[in-house]
Structures are given as C-alpha cells and as structure tokens.
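Residue numbers (the numbering used here), protein chains in the order written: chain A, 5 to 352; chain B, 5 to 352.
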C-alpha cells in the first residue's frame, strides 16, 4: 500500500477499528462493490477516501437477468470485495446497495431479504435504486438534492432531508426519454432517414453515421437498426452526433438542444415537486451530473447547457460532477445512516 | 353464385375465357389471394369486380417469419384461391404479388424465383412491395400516384407513368415513423408519463389509457410497455388517443396534429421527388389512403386533415379511399401489365 495520506489514514483506521462498510452500485451493465473502513470521525472525510477492497461483476438488475442471477452477482461481488480487503465477513457493519430496477418498496424488500440470508441481523442493510448511489457519489453520502443520470437511458432523481423522493423520466425509449444517449442517437439516425427520403434537410450526420457503421447507403440503416434491439448499441452513436454539432451541423445542433431541454425539464420537474429550492424557489441545492451524455470534456458540453437551463428557473442549482464512483457513494450512504445510530466516537 | 350483375358478368366471362389472374397482398399480419377471370375488354371495369375465389393466410413477410414459411404461405394461399375458383392451375395466366418486405431488386428476384418453381415460364409474374397493391386498389390497377399507408406502421409510396418510384417514412418506430399508429400511441403513453412526473400538462389520456389497459397507476405503464415488444400492441391504443382528442383534450389534439404533419410530410416528399404534380406543382394526381389510422368514420378524421395539409402545397391532390381490397389491386396490376402485352380482344 502506498505511503500517501490515504495509506497513512488507512493504517490508523485499521489499528482503531476492525469493522467495515460495503457500498454496492448495481447497474444493468456492471456491478461494483467497495469495502471501506468504518471511519472513527464524523466531521470531515479523508481525501482520497480509503478503500480497502473493490470488486466488479456483471448485471444485477433482476428485470434484465432474473432474480437468481442478480442475487448471485451481488453475493459474489460483495464476497470478493471483502476477501480483497483482508477482513472477515463478520467485520461488515453495514451495507448500502443502490440497485438498478429497485423502484418500489416490494423491490427493496426483495433485495433486503437476499442480504438477510447473507448477513446476520445486527448488520445494517440499506437498499435503494442505483440513482441513490450516483447522487451520494456527488454529495459524499448525503441524500439531499437532485441527481441527473444520462447514459444509454436518462433519469432525474431527487431527495429531501425529511426523506421524500421523486423521479422524472427514466421510462425508457418508447416512453420519451429523449435526452438519453439512446434518444439522441435515435434522433440522429432518424435525421439521416429524413434527409434521404426528402422529408428533412441534408445533414453531415448522413456521412458521419454511415462511415461509423460501415454502411454505404441510408437504405441500409433500417436493417442495421432492427437487427439488434440493444439500446446501448444505438446509444453508442452519441459521440458522432456531438462531433457533427461541434462541426456546426444545424440538424445535429437541434438534436442536442432538444436533448438539453428534455434533461433540464426532468431536473426541474423533480426540483419543483420536492420544493428543493425552497418555497421562494431561490434556495441552493446540489445537482449531481452522471453518465456519458453529460461528460464535460467536449466543446459541445451537454451537461453545462442543462445546468444553464435549470439556472434560469432555479438560480440556486449547484452542479456537481462526482470525483468518486457510485459504489463509494453507496458506502458513504451506509456510513451516514450508521452515524445517526451510533454514539460519537463509539462503534455501537 | 348470386344472380346479381357480378354473377351475370362472371358467367359471361366463364363462357368466353378459361384463363385467370391471381392477385396477392402479402402483409406482415395476413396474406390474401384473389383469383379473377381474365377480362375480355379493356376500357371499363365491371362493378362489382368479379372474384372467382379468395383465400387468406398469415404473415408472408420473410423478414418476420423466414423464407421457408413465407414461401409456403404464398404457395398455400394461391393454391387455395385457385381451388376455390373451380379452375386448374394451368388456367393461371398472370400473377401479381405485393409483398411486405420486398424493397430491393434482389428481394423481387427471390420471390420471383419462388413463383417460377410453381408456375411455368409462360405465366407472367410481377413482384412488388405491398404498397403497390394498396395503391392499385385505389387506382384500379394503374401504377400512378401516391399511396399513404398508416396502420401500425406508416409509409408513403409513389409511382410515375414512366416507372420511377419513391418512398418516404416506413422506417419503423425507432427511425421516426411518428405518424404511424405505433407513433401516435407511443406519444399518448409518453404524455401520461410526463403528466405523472411533472414534465407535462395533465391530460385525459391518463385515465382513458389506464382504464383501457386495466392498470391503476402511470407507474405501471413502464412495465406494461416493455413486457412485450410487439408494435401492434402499442398501436392498438390509437382509438383511445382519438377519442380523447374528440373530447377536446389539448394534449391528444397536439399528438394527432403532429401525426397529420408527419404523414403529410411523407406524401409531399414523394410527390416532390417524382414531380407527380408536374413541373408547376399544379397537376392532379391520386393519393390513395389506406390503413386504420386513416379510417374515415371518426369526427377527428386524420386522413382528411392529411389531405388538407397536402392540398395547401399541391392543389391537384385527389384523395381516394379504396373500395376494394389490396389483393384485388394486385390482380388489376397483373391485368394492366398483361393488357399491354396481348392483342385487343385476344388472349395471347
């Protein structure tokens, strides 16, 4: 282990406590678990945060892979993270899981019961949607504010200090998630078809998209599109649409501007429903931005444009681009919950 | 056989000729074949048209069911229509097939070769997309003008007298067929989700759609939508959207108005590319309207609104709602082609 600050802190933690917390980010593409020591203090977080062990596996959304596979994936990834940390399972004090597909209390109960079979009753178990882990990765574990996730899909999720929550979008491509990567790419493909059959203006998207797919004519796009129903395969075209917009293509710019309005609309809907900006609409609140569509290293910065649009309505919106991964956010949620339950400087 | 005019005509045909033509409308939902006598005249068509036999079967789109099943379906439905007509296979003089999924010359060649295995070389075989059968059902066999089909999917197809053709839309739901039944219904479902999460205005669509699906909350719409990928299942909600629009719901009216603009745009694109309205844009041309979305017996008449929109650009557009089914249109196409090849009053 490196003799940097984190390493130093970590050794100190190890000497002071033998207990750990697990944070799990369970997504439709991958699942990550981190094992962190139980911090003996509450006011400040070390930077970088100490991570004893980390493990990754595949999908744990049971809507996608079924209950048995999802449960096995979660159990395996936690076991591996514990093992890599050099601690025993009995050292686990709390687990927070943010799992894709968990939308209702009955979903939470299902995952909770899986965990009860693995960990004894004194281990605290917290089950949430994976948007919670994403939010917490930006707020360092506090469940307050709004998170906007825009990758293949898009969703806006908000939390208040008194435990209320609300979501907007996240209904998939058929039900109008037009700010998602899938939505942006589908509009790009549609623009090519429309330019080809005379319904829409000519656009640079035609040559750029055909080149990137290795196709020779827009006629071939129909076959390509329906050959494989995977949403991620369509969404992979987002960088092509962004590059056309950056090169000045009018059609691509309209597509991105529409996506910005869609994403901003989903944030504003959540903020309004939860009164996150206070009764006068001027209060400050965090907006955590996560996902490939919102990545900041582009000259056409979708995330910044979304924030600009939100700021016109809510001047107190504070954008946050997380520096840690969602699994760490989940671990910090567990840590925050635990802090409220244990005496100062004690371990329960 | 009834002793009506058609029956009388038919008996006269039977005494004059023993040869028949087959018209096939091969769709993704069903396939229909009609067997008609070879008319001994060219100027006027009898009304009603004489049909010796008719048979129906399932899907013959080989993109959907595979080549073997598609070929078998076509062979079976033709054999049954011939059998019901009381004639022998050797009486078949010409066959015209309008088959869904036939989009390129290689597709035409594939179906043509299937027919060559069934019928001897002197039988004329004409293979087209099923839009051709739909157009011909409105133009009584003439391949001239534009056909707009709006059912589960939507497509606009046009033909000129010198054999040029063009199509617009028909690219499926991912690629922006927003005027289709699927598109209208998907917008309706999306409007419910948006009203529920605060992104959109409240709408009558919420209660009407939930009632029609037997669901209790908009949250359940996501699960319902992705439980079954069938496009027709979504499109079946069109009458609910139309009824809300007829009852004055603003959101439903916007959806239908957008669909009208999409459908009109696809017709205008074809008319422009083929110069169907002549160089001055004032010439007359038929627009054949087919499919459940365009059915006329509603107070909110999507088809009429489409025509009104087309007329603003092309004053010579002549709407036609076919009185015969597409399979008869296909038979009339065969008859028209044949007339150009045989001497007057002769049978070749």
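The C-beta atom is built at its ideal place from N, Cα and C for all residues, glycine as well.
Using a Cβ-Cβ cut-off of 9 angstroms, residue 55 (chain A) does not count as an interface residue toward chain B, since no Cβ of chain B sits closer than that to its own.
Rounded to the nearest whole angstrom, the C-alpha separation of residue 204 (chain A) and residue 175 (chain B) is 14 angstroms. Taking all protein chains shown into account, residue 108 (chain B) has fewer than 16 neighbouring C-beta atoms within 10 Å of its C-beta and is therefore exposed.
Burial of residue 184 (chain B) is indicated by the presence of at least 16 other C-beta atoms within 10 angstroms of its C-beta. For residue 230 (chain B), the chain A residues whose Cβ falls inside 8 angstroms of its Cβ are 176, 178, in order along the chain.
Rounded to the nearest angstrom, the Cβ distance from residue 304 (chain B) to residue 242 (chain B) is 11 angstroms, too far for a contact under 8 angstroms. With distances taken between CA atoms, residue 173 (chain A) lies nearest to B:198 out of B:256, B:198, B:163. Proximity of chain B to residue 201 (chain A) at the Cβ level (cut-off 9 angstroms) is accounted for by 160, 170, 171, 172, 173, 174, 175, 270, 273, 274, 277, in chain order. DSSP lists no bridge partner for residue 76 (chain A). The beta-carbon of residue 198 (chain B) is placed less than 9 angstroms from the nearest beta-carbon of chain A. Residue 290 (chain A) carries a strand assignment under DSSP once its states are collapsed to helix, strand and coil. Looking at the backbone, the Cα of residue 229 (chain B) and that of residue 239 (chain B) are separated by about 11 angstroms. Against chain B, the beta carbon of residue 233 (chain A) has neighbours under 8 angstroms at 233, listed in chain order. Across the set A:116, A:231, A:60, the C-alpha of A:60 shows the shortest separation from the C-alpha of residue 32 (chain A).
In this structure residue 128 (chain B) is in contact with residue 342 (chain B), their Cβ atoms being roughly 6 angstroms apart against a cut-off of 8 angstroms.
DSSP lists no bridge partner for residue 135 (chain A). Annotated as proximal: residue 310 (chain A) and residue 271 (chain A), with beta-carbon spacing under 9 angstroms.
Using a 10 angstroms sphere on the CB of residue 136 (chain A), the tally of other CB atoms reaches 16 or more, which defines it as buried. Residue 39 (chain A) counts as buried, since at least 16 other C-beta atoms from the protein chains shown sit within 10 angstroms of its C-beta. DSSP places residue 169 (chain B) outside any alpha helix (DSSP H); the residue lies instead in the beta strand (DSSP E), whose first and last residues are 169 to 173. In the three-state reduction of the DSSP assignment, residue 97 (chain B) falls in the strand class. With three or more CB-CB distances shorter than 8 angstroms, the stretch 151 to 168 of chain B counts as touching the stretch 287 to 301 of chain B. Contact annotation, residue 96 (chain A) with residue 86 (chain A): C-beta distance approximately 7 angstroms; criterion of less than 8 angstroms satisfied. Residues of chain A whose Cβ lies closer than 9 angstroms to the Cβ of residue 164 (chain B) do not exist; the shortest such Cβ separation is about 15 angstroms.
DSSP, read as helix, strand or coil, puts residue 148 (chain A) in coil. At a cut-off of 9 angstroms, the C-beta of residue 191 (chain A) has a neighbouring C-beta in chain B. Within the stretch 214 to 259 of chain B, no run of beta strand (DSSP E) at least 3 residues long lies entirely inside it.
Excluding the 5 residues flanking it on each side, residue 170 (chain B) has same chain C-beta neighbours closer than 7 angstroms at 162, 274, 277, 278, in chain order.
In the structure shown, residue 26 (chain B) adopts extended strand secondary structure according to DSSP, grouped into three states. Collapsing the DSSP output to three states places residue 316 (chain A) in a helix.
Among the residues of the stretch 203 to 227 of chain A, those with a Cβ less than 8 angstroms away from any Cβ of chain B are 203, 223, 225, 226, in the order of the chain. For residue 68 (chain B), the uninterrupted alpha helix (DSSP H) segment begins and ends at 66 to 69.
Close to residue 194 (chain B), with beta-carbon spacing below 7 angstroms, are these residues of chain A in chain order: 179, 180.
The Cβ atoms of residue 265 (chain A) and residue 221 (chain A) lie no closer than 9 angstroms to each other.
Beyond the five residues adjoining it in sequence on each side, residue 259 (chain B) comes within less than 8 angstroms, by CB distance, of 188, 191, 192, 195, 245, 249 in the same chain, given in chain order.
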